[in-house]
Each structure stands twice: as C-alpha cells, then as structure tokens.
Amino acid sequence: GMLAAWMRAKYPGLIRGALAASAPLLAFQGGRKVDFNKYWRIVTKDATSHAGADSKCAPSVRQGFATLRELMKSRLGRMQVSKIFQLCPRSTLRLVENVDRLMTNRMALFLTMAYDNLAMGNFPYE
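Mapping to the working numbering: the sequence shown position 50 is 50, numbers consecutive.
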C-alpha cells in the first residue's frame, strides 16, 4: 500500500489512484518526529485486561519469547523448538552459528507477526 501511495504522489499524471489503508505516509514527511514503537505498544495493549484480554495474556506472551530465547541456547532446546514448530529436519536451526540470527530475525518475527495480525483483526476470541 505504501509503495502504491508513494507512486501516486510521485507520478500523479500516470497513476489515477492508490490504496494505502494503514501506510504511515505522514511519518516520512520532513521534520516530523514519529515514535515507531507506539504501534507495538498498542499491539501489546490488545493483550491486556484493559482491552478485554485475560490479565495473564501479555505476561504469558513475554514469557513465551523469553522461553524461546532460552531454548535456542542449547542443542537440545533447539531440537525442542524444531519439534514444536515442525521445522524441516535439515533446518538451519541445528547450526549453532545460525541460531542468533535465526532467532532474532526469523522466529521472533514470525511469532511477532502472528500477534500483530490478531491485534489488527481484533477478533472476539472467546
């Protein structure tokens, strides 16, 4: 969406319209100071009792990420993570040198996006 909106702004004679439902276009205008972590604070708030979630939800998610990081430190832990997430037997998760990069960039992002999508959908899970 954001790329489409930028394209429309840059080439208004060529592009008749563009949809950018939640693209933070104004955040990139010169001189504006934007707190990009605000979005993630709102996602976290969705998992609190203030937003209708169980009071144990946000702390449980935080603990889950901490547990995952701890498991990634040992070969046995990484094997557990591989089994839990049903990763391919030849997964790079088994290679120690890939663990830090994999954990921070792939596993954490995958899980973060799951919570992100739940927060955006605001589904009435009961």
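Heads up, the beta-carbon is just placed ideally off N, CA and C, and yes, glycines get one too. These numbers were taken from a predicted model, which means no experiment stands behind them.
What separation, rounded to the nearest whole angstrom, lies between the Cα atoms of residue 73 and residue 66?
11 Å
How many angstroms separate the CA atom of residue 58 from the CA atom of residue 108?
16 Å
7 Å Cβ cutoff, residue 114 in contact with chain B:
Reference to chain B is not applicable here, since this structure consists of a single protein chain.
Does DSSP put residue 30 in a helix, in a strand, or in coil?
coil
I'd like to check one pair, residue 20 with residue 9: are the Cβ atoms closer than 7 Å?
no
Could you check what DSSP says for residue 63 in three-state terms: helix, strand or coil?
helix
Measure the CB-CB distance between residue 119 and residue 43 and report whether it falls below 7 Å.
yes
Candidates 48, 46, 23: which alpha carbon is nearest residue 36's?
23
Taking a contact to mean a Cβ-Cβ separation below 7 Å, would you say residue 51 touches residue 61 in this structure?
no
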